[in-house]
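Encoded as structure tokens, the structure appears first; notes follow it.
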Amino acid sequence: MLRPAGDRAEPDDVVRRSLVGRLALGGLAATAVAIPFTLLALLVLGKWEPLAQLDSDVANDLNGVSRTHGGVVAVLDFLAVAFDPWVFRLVVLAVVVWLFRRDARRLATWAALTVVVGGVLSVLLKRLVERARPAFDDPVAHANGYSFPSGHALNSFLCTGVLILVFLPVLRRAARVLVYLIGTAVVLLTGFDRVALGVHYVSDVVAGWIVALGCLVGTAGAFEIWRREHGLRPSGPSEGVEPEAAPELRG
Numbered sequence: 001m002l003r004p005a006g007d008r009a010e011p012d013d014v015v016r017r018s019l020v021g022r023l024a025l026g027g028l029a030a031t032a033v034a035i036p037f038t039l040l041a042l043l044v045l046g047k048w049e050p051l052a053q054l055d056s057d058v059a060n061d062l063n064g065v066s067r068t069h070g071g072v073v074a075v076l077d078f079l080a081v082a083f084d085p086w087v088f089r090l091v092v093l094a095v096v097v098w099l100f101r102r103d104a105r106r107l108a109t110w111a112a113l114t115v116v117v118g119g120v121l122s123v124l125l126k127r128l129v130e131r132a133r134p135a136f137d138d139p140v141a142h143a144n145g146y147s148f149p150s151g152h153a154l155n156s157f158l159c160t161g162v163l164i165l166v167f168l169p170v171l172r173r174a175a176r177v178l179v180y181l182i183g184t185a186v187v188l189l190t191g192f193d194r195v196a197l198g199v200h201y202v203s204d205v206v207a208g209w210i211v212a213l214g215c216l217v218g219t220a221g222a223f224e225i226w227r228r229e230h231g232l233r234p235s236g237p238s239e240g241v242e243p244e245a246a247p248e249l250r251g
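According to my numbering, the residues represented by the sequence shown are 1 to 251, in order.
Listed below in structure tokens is the structure:
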């Protein structure tokens, strides 16, 4: 059967090779993410002296600064509330509901499942490592539960990444740069806030970022398989996870 003029659908073998290549790269990326997290967790569990010293020095220095500047603590407390994991989750939930109403159900499902997977991983890994939080004679803040990885750091990275990947198809180049900068600032500020408040070590924050990255890579790779099963072409890195949803996103 002849294709209509202007139909640029790729041959099945080309699309298949492209998909396999992307999935292979995704698998390698996920493995590359898992390796540093596993190494970091082993160093924490083994109480490796250089890492333990780094964590302790940074925690003590920042706690000393925070303790002597009441205004700093007030700002840090505000950021802790503003960047709470549930704030990010509720934002993503609102977007998921909006996507369903726009009939972008596949994209909404990916966003929801990615955040759920990240939340489950956070709980499981904390219980697996069971690292105690930093302890000070004169703390400026308190937090419950285990320390490694940081749930705040994980969820800020994860949810920010989800939102960016959802809306990439409708963002122009300049807007993408701005969104990347804002997202990076939010993630870094969240991590700094947790360490400055004395409720996490630097390695906890880094571990949270690594887990979030791995979660994004893993679910995006699985989503590519799902897309292919629905006859869609592999999406490019700058297109988000569902470029075909652009009309629904624009309304």
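Each residue gets a CB set at the ideal place from its N, CA and C atoms; glycine is no exception.
What you are looking at is a predicted structure, and each value in this text was computed from that prediction instead of being measured.
In this structure, the straight-line span from the alpha carbon of residue 126 to that of residue 148 is close to 5 angstroms.
Rounded to the nearest whole angstrom, the C-alpha separation of residue 32 and residue 104 is 31 angstroms. Closest by C-alpha distance to residue 168, out of 246, 182, 50, 216, is 246. In this structure, the CA atom of residue 92 is about 32 angstroms from the CA atom of residue 55. Within the model, the alpha-carbon separation for residue 129 versus residue 156 is close to 21 angstroms. With the rule of 3 Cβ pairs closer than 8 angstroms, the stretch 115–126 counts as touching the stretch 204–224. DSSP places residue 197 outside both helix and strand once states are collapsed to three, so it counts as coil.
Across the structure, residue 131 and residue 144 are spaced so that their CA atoms are roughly 12 angstroms apart. Contact between the stretch 150–165 and the stretch 106–115 is present: three or more C-beta pairs spanning the two stretches fall below 8 angstroms. Under the three-state reduction of DSSP, residue 106 is assigned to helix.
Counting only the Cα atoms, residue 221 lies some 42 angstroms from residue 66. For residue 243, the CB contacts under 7 angstroms within the same chain, skipping 5 residues up- and downstream, are 169, 235 in chain order. A straight line joining the alpha-carbon of residue 74 with that of residue 150 spans about 21 angstroms. With fewer than 16 other Cβ atoms from the protein chains shown falling within 10 Å of its own Cβ, residue 60 counts as exposed. About 5 angstroms separates the CB atoms of residue 197 and residue 76; that is less than 8 angstroms, so the two are in contact.
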